[in-house]
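Participant: Quick one: the structure is below, questions incoming.
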Amino acid sequence: MIAKVIVDVPSSQTDRLFDYEIPAEWIDVIQVGIRVIVPFGPRKIQGFVVEIVSESSHAKIKPIYEVLDIIPVLTEELVHLGDWLSQHTLSFKLSAYQLMIPAALRTKVKKKILLKEDLSRLPGNIQPLFLDTKQIEWAKVEENKSLLKSIHQAVKDELLEVDYQVEEKGKKKTERYVRIAANIDRLEPLPARAVKQKDLLTYIENRKQPQNVQALLQETNMTRQVLTTLIKKGFVEEFEQEVYRDPNAGVQYERTTPLLLTEKQQEVIGPILHSLEDKSHRSFLLHGVTGSGKTEVYLQAIDKALQQGKEAIVLVPEIALTPQMVQRFKGRFGSMVAVLHSGLSMGEKYDEWRKILRQEVRVVVGARSAIFAPFTNIGIIIIDEEHETSYKQEENPKYHARDVAIHRGEYHQCPVILGSATPSLESYARALKGVYHLLPLKERVNNRSMPSVEVVDMREELRQGNRSMFSYSLLDKLKDRLEKGEQSVLFLNRRGYSTFVMCRDCGYVATCDHCDISLTYHRTHHSLKCHYCGHEEKMPNTCESCGSDHIRFFGSGTQKVEEELTRVLPQAKVIRMDIDTTRRKGSHEKLLSAFGRGEADILLGTQMIAKGLDFPKITLVGVLAADSMLHIPDFRSAERTFQLMEQVSGRAGRHDLEGEVIIQSYTPDHYSIELVKTHDYEQYFQMEMSQRKVGVYPPYVFMVLINISHPELTHVIHVSEKIVTFLKREVSNQTVILGPVASPLARIKDRYRYQCMIKYRNESGLRETLREIQQHFMREINQGQLQVSIDMYPYLFT
DNA sequence: GCACCTCTAGCA
DNA sequence: GCTAGAGGTGCC
0 MIAKVIVDVP SSQTDRLFDY EIPAEWIDVI QVGIRVIVPF GPRKIQGFVV
50 EIVSESSHAK IKPIYEVLDI IPVLTEELVH LGDWLSQHTL SFKLSAYQLM
100 IPAALRTKVK KKILLKEDLS RLPGNIQPLF LDTKQIEWAK VEENKSLLKS
150 IHQAVKDELL EVDYQVEEKG KKKTERYVRI AANIDRLEPL PARAVKQKDL
200 LTYIENRKQP QNVQALLQET NMTRQVLTTL IKKGFVEEFE QEVYRDPNAG
250 VQYERTTPLL LTEKQQEVIG PILHSLEDKS HRSFLLHGVT GSGKTEVYLQ
300 AIDKALQQGK EAIVLVPEIA LTPQMVQRFK GRFGSMVAVL HSGLSMGEKY
350 DEWRKILRQE VRVVVGARSA IFAPFTNIGI IIIDEEHETS YKQEENPKYH
400 ARDVAIHRGE YHQCPVILGS ATPSLESYAR ALKGVYHLLP LKERVNNRSM
450 PSVEVVDMRE ELRQGNRSMF SYSLLDKLKD RLEKGEQSVL FLNRRGYSTF
500 VMCRDCGYVA TCDHCDISLT YHRTHHSLKC HYCGHEEKMP NTCESCGSDH
550 IRFFGSGTQK VEEELTRVLP QAKVIRMDID TTRRKGSHEK LLSAFGRGEA
600 DILLGTQMIA KGLDFPKITL VGVLAADSML HIPDFRSAER TFQLMEQVSG
650 RAGRHDLEGE VIIQSYTPDH YSIELVKTHD YEQYFQMEMS QRKVGVYPPY
700 VFMVLINISH PELTHVIHVS EKIVTFLKRE VSNQTVILGP VASPLARIKD
750 RYRYQCMIKY RNESGLRETL REIQQHFMRE INQGQLQVSI DMYPYLFT
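If you're matching positions, the first sequence starts at 0 in numbering that gives the first Met the number 0 and goes up one per residue.
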């Protein structure tokens, strides 16, 4: 039998199947989706078995060298999905498969040198290396040219051997356990005076199950010595048992039961349940305003799928994967839930993933990559906050989780639910066209009203002499909440609002030497840092350009807001949440729960507080600079502004108290800000669609973004122009090719960046054409400095 | 991605 | 004639 293998070499020349013979003894072991070690040229590397056939068209075939898995890490479905994904995103098949397995399983092959003959037969200069070991790492001798030469010769003389050893990054965690020995009856009973040993033995015997050593000693208050003696005498056996790392160890989840659905909720869950009963694939767009009870609809739909003996995948944006959200799923489905997000360590992720693979759980709640959960019988897929950009991966393979979800939904013939209060234009347009089934949920549960929104014109404030970052109205309301003992949330959108350093005399702005971007001031180190390449330098005392010492940092980071807040409202207790205060693991939860317990009056934060926050005492939400991202050169900037404003205002008044929202803006008349006042998504949608139509943007067209970068500007331009010329010749005249132009970020890490864009409606051969471009520059990309990146579904245009 | 191959410059 | 280094290519 022949196994077709994708080898672990990320290059376009190896992005195809290689045939290997399956040794007779492994015929039953080697299956599709398993990882193997195969000889590849003179070395041995890892590979994924993606197909098993009886014959090969290739003349000389080597046998598989080693098997790495017992249970395939990829299901047959995932193997096909990976193939589809690589075609879809123009990436390597290998990268697609790597995406589907946890990082802990990614292996590194280490090159080692083994001593084969007697030490004395080796040349003198390499003998010292093997004095007390039979193998050394290649890396140890790589630097030393003369050693290397002798080693090569010794390998030829068969004194030494080169070996490739596979090292898995992640380890299964084990703990020590003890159990009663099998032959205990045949042992002489313990002497009467061995009281402690007897007690401990009885304790273990009564427990029936193997006991965790650490827990056992703690529970019985015995010393390790007593146990060791028992082991020595043969009464109990000690052994290692694999355990799961539990990031939520000790956390108790309060069990919840299904709530009675409102009439509106019943209306939307109907078609979903129907699709479940039919076992047919349909995509639903659940358009539910904030606080309309979408999650309860999800929970009950999942419950139905579980009753049918099926599994469920729930995707949540990374920053919304808060303990509050996890709580709701664990509370309903208990230990049937696995959670996957970036906050877990590599080992924890590996453990959660293994629970899925071994079918020990049936629900997975996770961020983007959880869409590849290795379930085999999926009954429902849910993408919450479907408009979120975090569902798009910006590295290769540049995929969108929504597309993968629908693809898997078709395969499993199960419903896919896209839920959002502010659907993406693409999805809403598809729903109106009938591609998705639209499920509107327009009322908040218990008929709570949407919060009232006031938009404050900050230009007007300035005219009235208010130079602070808080408008009079916002300050008044903050004071009011403080008096009433209610809570407020202040939201600052950091994008385009970082703290840059400028000279007040000549206007010089400190920029990175390697990137075309201004440096950001970091207070903790009193330094300037580049967000793109990590370059860090000391905060200057004088201006580099004019020598003036009037050099200051500008901009409104959360730290600055906090400072001003304590100045104008000294009595207020403030919790600040941003990248700096939440860097440590678990600090995110700590801060949130402190706020939930009422330990602070004001929660000040960035993007990360826009979601999932649900506390009864929040009655005021303030947005400090609504338009900070409206002017980013991206056709979706208005869409993002509206979505964010709606999202943020949804944090207020979710319970008995009425909510109020203050939005501060320099462009209060812009529709994306103005329409938040009435929470009118439909009108916003119409406005935005007409803008897209005029600008010829999605959803009216599809887009492709090609990014070209190289250390030499002239070369980037040359390649870019070549690509554009080629494209213009290949595509139909309906298709628009824009560019080449310099990217908004024209230089990063000393590489110049150009881009060109394709806008098309119908271009069946486009993928082929783009593949040809990749092929054409393959050589230069492989060996040189050139990078050509193609994004079939661009979300970032930097 | 890496090891091996071929080609060529540099030197005796 | 030999060797070190660069560039090219096949890997099943």
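Glycine included, every Cβ here is placed at the ideal spot set by N, Cα and C.
#1: Between E295 and the rest of its own chain, which residues show a CB-CB distance below 6 Å, the 5 nearest in sequence each way excluded?
#2: Does the distance from the CB of E65 to the CB of K107 come in under 8 Å?
#3: Between Y496 and I125, what straight-line distance do the alpha-carbon atoms span, to the nearest angstrom?
#4: Quick check on the DSSP output: the alpha helix (DSSP H) that includes S731 runs from which residue to which?
#5: If you draw a straight line from the alpha carbon of E460 to that of S470, how long is it in whole angstroms?
#6: Could you give the distance in angstroms between the alpha-carbon of I26 and the alpha-carbon of D302?
#7: Could you check which residue in R596, S547, D633 and L623 has the C-alpha nearest to that of K616?
#8: Contact defined as beta carbons within less than 8 Å: I believe L440 pairs with K263. What is the distance between those atoms, to the nearest angstrom?
#9: If we call anything under 8 Å between Cβ atoms a contact, is R575 one with T557?
#10: Quick one: any contact between the stretch 219-232 and the stretch 190-199, if contact means 3 or more CB pairs under 8 Å?
#11: Identify the continuous alpha helix (DSSP H) that holds M538 and give its terminal residues.
#12: Indicate, with yes or no, if the ligand PLP has a heavy atom lying under 7 Å from the CB of E453.
#13: Checking the sheet assignment: what are the DSSP bridge partners for V660?
#14: Using the Cα positions of I112 and T132, report the straight-line distance between them to the nearest angstrom.
#15: Would you mind reading off the limits of the alpha helix (DSSP H) that contains Y410?
#16: In this structure, how does DSSP classify Y759 when only helix, strand and coil are distinguished?
#17: Helix, strand or coil, according to DSSP, for E141 in the structure here?
#18: Helix, strand or coil for P800 per DSSP?
#19: Are the stretch 352-363 and the stretch 264-274 touching, with three or more C-beta to C-beta distances below 8 Å?
#20: Do I135 and V177 come within 8 Å of each other at the CB atom, strictly closer than that value?
#21: Could you give the first and the last residue of the continuous alpha helix (DSSP H) run that contains G295?
#22: Measure how close the beta-carbons of E54 and K3 come, nearest whole angstrom, since I'm counting them as under 8 Å.
#23: Specify whether the stretch 310-317 and the stretch 373-389 touch according to this definition: at least 3 beta carbon pairs, one from each stretch, less than 8 Å apart.
#24: On the three-pair Cβ rule with 8 Å, is the stretch 675-684 touching the stretch 639-653?
#25: Compare the Cα-Cα distances from G81 to each of D402, G694 and L186 and report the closest residue.
#26: Inspect the CB distances between the stretch 412-424 and the stretch 380-387 and report whether three or more fall short of 8 Å.
#27: Between D600 and R653, is the Cβ-Cβ spacing less than 8 Å?
#28: Comparing C-alpha positions only, which one of F776, F594, L568 and Q606 sits nearest to I578?
#29: Apart from the five residues on each side of it in sequence, which residues of its chain come closer than 8 Å, Cβ to Cβ, to K476?
#30: What are the boundary residues of the alpha helix (DSSP H) that P270 is part of?
#31: Which residue marks the beginning of the alpha helix (DSSP H) containing M777, and which one marks its end?
#32: Taking only the alpha-carbon atoms, compute the straight-line gap between Q542 and K528 and give it to the nearest angstrom.
#33: Starting from the N-terminal side, write out each stretch of the beta strand (DSSP E) that is 3 residues or longer and does not extend beyond the stretch 97-141.
#34: Work out the CA separation of K748 and R494 for me, nearest whole Å.
#35: Is it true that the CB of P9 sits closer than 8 Å to the CB of S94?
Facilitator: According to the structure shown:
#1: L258
#2: no
#3: Model confidence at Y496 stands at a pLDDT of 44, short of 50, so the residue's coordinates are unreliable and nothing is read from them.
#4: No alpha helix (DSSP H) holds S731; DSSP gives it neither H nor E.
#5: When only Cα atoms are considered, E460 and S470 end up about 7 Å apart.
#6: Roughly 40 Å separates the two Cα atoms.
#7: R596
#8: Correct: roughly 6 Å between the Cβ atoms.
#9: Taking 8 Å as the Cβ cut-off, R575 and T557 qualify as a contacting pair.
#10: yes
#11: No alpha helix (DSSP H) holds M538; DSSP gives it neither H nor E.
#12: With respect to small molecules bound, the structure shown includes none, and the ligand PLP cannot be examined in it.
#13: Answer is V452 and V620, bridged to V660.
#14: 11 Å
#15: Its alpha helix (DSSP H) spans residues A400 to H411.
#16: strand
#17: coil
#18: Since the first and last residues shown for the chain are 0 and 797, residue 800 lies out of range.
#19: no
#20: no
#21: In the sequence under discussion, the amino acid at residue 295 is Glu, which differs from the Gly named in the question. Counting along the chain, the alpha helix (DSSP H) containing E295 begins and ends at K293 to Q306.
#22: About 11 Å; that fails the 8 Å criterion.
#23: yes
#24: yes
#25: Relative to G81, the option among D402, G694 and L186 whose CA is nearest is D402.
#26: yes
#27: no
#28: Q606
#29: S487, L619, G621, E659 and I661
#30: Start and end: E262 to D277.
#31: M777 to Q782
#32: Per the sequence presented here, residue 542 reads as Cys, with Gln not at that position. Between C542 and K528, the C-alpha separation is close to 17 Å.
#33: 106-114 and 134-136
#34: Here the model assigns R494 a pLDDT of 49, short of 50, so the residue's position is not dependable and the matter cannot be decided.
#35: yes
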